[in-house]
Amino acid sequence: MRTSGLPAFAENLRQLPANLKASFSRHDAPTSDRSRSQAVFSNLFLHIHSTRTHVNSLRLRATFGLGVAAFSLFMILVGTGILLMVYYTPSTDLAYNSMKDIHYIVPTGRFIRNIHRWAAHLMVATVLLHMCRIFYTASYKAPREFNWILGMILLVLTLALSFTGYLLPWDQLAFWAITIGANIAASPRELTDALGITAYFDPGGMQKELLLGASTVGQDALTRFYLLHVMVLPLALSAVAGVHFWRIRKDGGLGRPGVTMTAAGKGASVGVPATMPEDAPRKTYGLMCVVRDRSEATDQDPIDTVPSWPYLLRAELLVFMVTMFACVALALISDAPLKEMANPAVPENPAKAPWYFLGLQEMVSYSAFMGGLIIPVVVILGLGLIPYLDREPEDAGVYFSGPRGRKVALRTTVFATIAAVLSVAIPVNYGWLRNWFPGISQLVVILINPGSLLTAAYAAWSILVLHRTGSTRLGAIALFTCFVVGFVILTYVGTSLRGPNWDFYWSQADWPVH
Amino acid sequence: MPQRLEPDLVERRDFLGLAGIWAAAVAILGSVLGMLRLPKPSVLPETGSRIRIGRPDEFPSGTTRAYPEHQVLVLSNPNGVAAISMECTHLGCVVAKTETGFSCPCHGSAFNADGEVVTGPAPRTLRWLEVGQTVDGRLIVDAKREVSPGTYLKV
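First to last, the sequence lines map onto chains X and V.
Under the numbering used here, residue 517 is the last one in the first sequence; the count climbs by one each step, no gaps.
Under the numbering used here, residue 172 is the last one in the second sequence; the count climbs by one each step, no gaps.
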């Protein structure tokens with residue numbers, strides 16, 4: 004005799020919400036440390052965290068939350084960016100007008116655009132500060148060397164995203180900033196021209212052509228920059244950021260005080276629990292907090308760690324909310340600028356890039372090839388290789404690696420400030436080689452300029468520190484501090500002290516009126 | 018010990034496996050390089066570079082006339098007629114005509130009346146452009162054809 008399937012069906016229907024929820028979360032309600040750990044462990048988005056976090060990683064001073072803030076800003080940028088794409092049209096005829104629509108007509112358009120613009124500025128600043136934190140706490144040391152390189156790649160991608168976003172409004176500032184940027188890409192021509200080989204070998208022209216798709220900034224350039232800005236670079240940044248986070252886990256968690264790195268790369272507390280079996284695979288260590296059995300090491304907290312849920316997740320949420328608050332507050336206070344529509348016949352005077360490129364622009368005003376290409380590449384390479392050239396084993400997490408490092412950083416700051424101020428003051432007051440020797444060879448003018456001399460002075464100072472102290476870490480502190488001071492001073496000069504014709508003015512009030 | 022006359026033989030399976038992997042690697046690399054050919058334009062979207070500027074008698078000796086939309090300055094003196102590009106040789110901003118020559122608003126390069134660099138980061142003299150004549154004697158400037166500085170067209 005056949006029984007009806009209806010009761011079973013009704014029962015399934017009754018159970019549907021519970022079963023749906025169970026299949027979604029794959030674990031019990033997160034009411035105990037164990038089930039919360041399971042939640043972190045078995046969730047795709049949460050499992051980039053370890054199930055337990057070292058208490059020292061959670062202290063504000065250890066990280067200042069800068070990495071999470073940078074990623075929060077990236078997420079805010081993706082969200083607001085998608086909203087802006089709803090109305091923006093990447094065409095030279097329509098781009099500027101669609102910006103005006105977004106600004107004046109689209110509901111909340113101005114607000115969203117302001118958030119996007121402020122989040123972009125904050126992201127560059129946060130990424131730079133994050134780099135400083137990693138460097139001064141020696142968190143780039145083995146086994147985290149490669150993650151430092153990934154961080155450098157993320158810095159370059161962040162700057163590239165800012166730069167490509169800059170063209171899209173198609174206003175005067177956008178047009179001339181990109182014209183200058185594209186010609187920096189073409190600046191190897193300075194060298195090939197000076198050597199007389201441009202006709203046969205022209206890497207500069209090739210780079211410019213690939214970037215612009217034409218010989219001047221026009222529709223093709225706008226299409227290419229749009230594609231890079233909304234598609235290629237965000238995807239690349241997401242992928243590299245994913246690897247960056249994954250490497251934090253694989254390289255032993257965040258650099259933090261009170262933890263010595265072992266050869267295997269796992270951060271073990273200074274007092275390794277005696278109960279931990281010596282020959283057990285280290286990877287199971289994290290799992291033991293989740294898996295219950297009768298081994299002595301399981302079901303008890305590894306020393307000095309707390310469950311990531313709720314402690315770490317709560318800290319991350321807090322950083323995200325603070326970041327969000329900062330963007331919204333700034334967006335309410337200050338509007339993103341929109342200049343007149345792009346006019347290829349009349350450049351802006353002065354034509355200034357956003358603040359984080361103005362240090363670069365200051366160096367470009369000495370020589371496009373050296374200041375715009377060679378020096379930045381040397382700086383990026385020099386910073387990127389620091390973990391491989393400074394391999395002194397050291398506990399991560401102590402700022403400046405103690406009093407000696409603080410002293411070196413302080414003295415370097417004094418030296419780097421004097422050097423940077425001189426490199427600006429001498430050309431401003433006394434001119435440079437071409438004013439002194441009018442017939443001088445162009446090659447000499449390109450190679451010997453205030454920017455390249457400053458870079459050389461910084462390198463020489465770092466090598467001197469390295470030699471005198473006998474410590475590669477202190478040499479690295481000298482080099483990085485030089486970079487930070489040089490970046491800050493040149494950025495300040497470019498932002499505040501340069502006026503029309505890139506002339507020197509103490510204040511914007513002194514700019515000539517015309 | 019592998020000897021020169023009796024080298025270590027590669028196992029047949031290893032050889033085939035390695036050959037397969039390398040074939041795939043070369044194919045992928047080749048296609049990536051081939052795909053990168055696409056973004057490099059073979060035709061540049063440009064308007065004509067020849068600018069008609071008028072009859073020679075419109076340019077008596079001593080004339081200077083700017084064509085801002087083409088970024089060209091035409092000047093005439095007893096040597097003849099010449100054209101100088103107003104695109105800065107540093108980073109492509111448009112230079113302004115001053116009493117003594119030219120100056121660039123972007124990074125402060127200054128040039129004398131012949132376009133030679135006086136000060137600033139510009140690496141070379143402003144480009145002098147070819148001035149020609151059509152069959153009926155009108156003057157045209159070709160913004161794409163550079164001539165050596167100091168080249169005048171006698172008219």
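Backbone N, C-alpha and C define an ideal beta-carbon position, used for all residues, glycine too.
Cβ of residue i within 8 Å of any chain V Cβ
| i | result |
| --- | --- |
| X:A348 | yes |
| X:I183 | yes |
| X:P93 | no |
| X:I187 | yes |
| X:V367 | yes |
| X:D513 | no |
| X:P503 | yes |
| X:Q41 | no |
| X:G70 | no |
| X:W358 | no |
| X:D96 | no |
| X:W179 | yes |
| X:D196 | yes |
Contacts that residue i makes with chain V (C-beta to C-beta distance below 7 Å)
| i | result |
| --- | --- |
| X:C193 | Rather than Cys, the amino acid found at residue 193 of chain X in this sequence is Glu. By Cβ distance, chain V contributes P140. |
| X:I449 | P140 |
| X:Y169 | Within chain V, no residue comes near X:Y169; the closest Cβ sits about 15 Å away, beyond 7 Å. |
| X:L213 | P56, K57 |
Supposed close pair residue i, residue j - CB separation, criterion 8 Å
| i | j | result |
| --- | --- | --- |
| X:A348 | V:V111 | 7 Å |
| X:P340 | V:P122 | So it is not a contact: roughly 19 Å between Cβ atoms. |
| X:A217 | V:E116 | Going by Cβ atoms, the distance from X:A217 to V:E116 rounds to 35 Å, so no, they are not a contact pair. |
| V:R141 | V:T106 | 5 Å |
| V:H124 | X:W514 | Incorrect: roughly 16 Å between the Cβ atoms, too far for contact. |
| X:Q210 | X:A180 | With a Cβ gap of about 17 Å, X:Q210 and X:A180 do not count as contacting. |
| X:T95 | X:W173 | 6 Å |
Euclidean distance between Cα positions of residue i and residue j
| i | j | result |
| --- | --- | --- |
| X:G82 | V:R69 | 51 Å |
| X:N46 | X:M134 | 29 Å |
| V:W39 | V:E23 | 25 Å |
| X:D223 | V:S59 | 13 Å |
| X:D307 | X:I183 | 53 Å |
| X:Q303 | X:L61 | Its pLDDT being 47, under 50, X:Q303 is placed unreliably in this model, and the coordinates cannot settle the point. |
| X:R29 | X:P237 | 31 Å |
| X:P284 | X:K253 | Low per-residue confidence applies at X:P284: pLDDT is 43, beneath 50, and the placement is therefore not dependable, though the value from the model is reported in the following sentence. So the two alpha carbons sit approximately 14 Å from each other. |
| X:P379 | V:L53 | 25 Å |
| X:I466 | X:G478 | 6 Å |
| X:L225 | X:D398 | 48 Å |
| X:A371 | X:A197 | 13 Å |
| X:V488 | X:N100 | 41 Å |
| X:L436 | X:P453 | 10 Å |
| V:A41 | X:A239 | 24 Å |
| X:A460 | X:T415 | 12 Å |
| X:F44 | X:V309 | 14 Å |
Same chain, Cβ closer than 8 Å to residue i, neighbours up to 5 away in sequence not counted
| i | result |
| --- | --- |
| X:A244 | F74, F77, L157 |
| X:E148 | P390, Y391 |
| X:M88 | V233 |
| X:A42 | S28, H30, P33, L49, W312 |
Listed by chain order, chain V residues near residue i by CB distance under 8 Å
| i | result |
| --- | --- |
| X:P353 | P122, C123 |
| X:N438 | T136 |
| X:G434 | T136 |
| X:A371 | H107, L108, P138, P140 |
Proximity test, Cβ basis, 8 Å: residue i and chain X
| i | result |
| --- | --- |
| V:K57 | yes |
| V:V111 | yes |
| V:E63 | yes |
| V:T151 | no |
| V:T136 | yes |
| V:L143 | no |
| V:E163 | no |
| V:I146 | A quick correction: the sequence has Leu, not Ile, at residue 146 of chain V. For V:L146, the answer is no, since every Cβ of chain X falls outside 8 Å of its Cβ. |
| V:L50 | no |
Chain-order list of residues whose beta-carbon lies under 7 Å from that of residue i (same chain, five-residue window excluded)
| i | result |
| --- | --- |
| X:V431 | F507 |
| X:H106 | G112, R113, R116, L341 |
| X:G256 | S53, H57, S60, G270 |
| X:Y314 | T56, L61 |
| X:V496 | E365, V427 |
Per-residue contacts from residue i into chain X (C-beta, under 9 Å)
| i | result |
| --- | --- |
| V:T80 | Here the premise fails: no neighbours, minimum Cβ distance about 21 Å. |
| V:L170 | Those within 9 Å of V:L170 in chain X number zero; the least Cβ separation is about 24 Å. |
Contact list for residue i against chain V, beta-carbon separation under 9 Å
| i | result |
| --- | --- |
| X:A3 | Because chain X in this structure spans residues 4 to 517, residue 3 of chain X falls outside the shown range and cannot be described. |
| X:Q445 | V134, P140, R141 |
Chain-ordered neighbours of residue i on chain X, where CB pairs are closer than 7 Å
| i | result |
| --- | --- |
| V:L90 | Residues of chain X passing the Cβ test: none, with the nearest at roughly 13 Å. |
8 Å Cβ cut-off: residues of chain X touching residue i
| i | result |
| --- | --- |
| V:P85 | A348, V349 |
Residues near residue i in its chain [Cβ-Cβ closer than 6 Å; skip 5 each side]
| i | result |
| --- | --- |
| V:V164 | W145, E147 |
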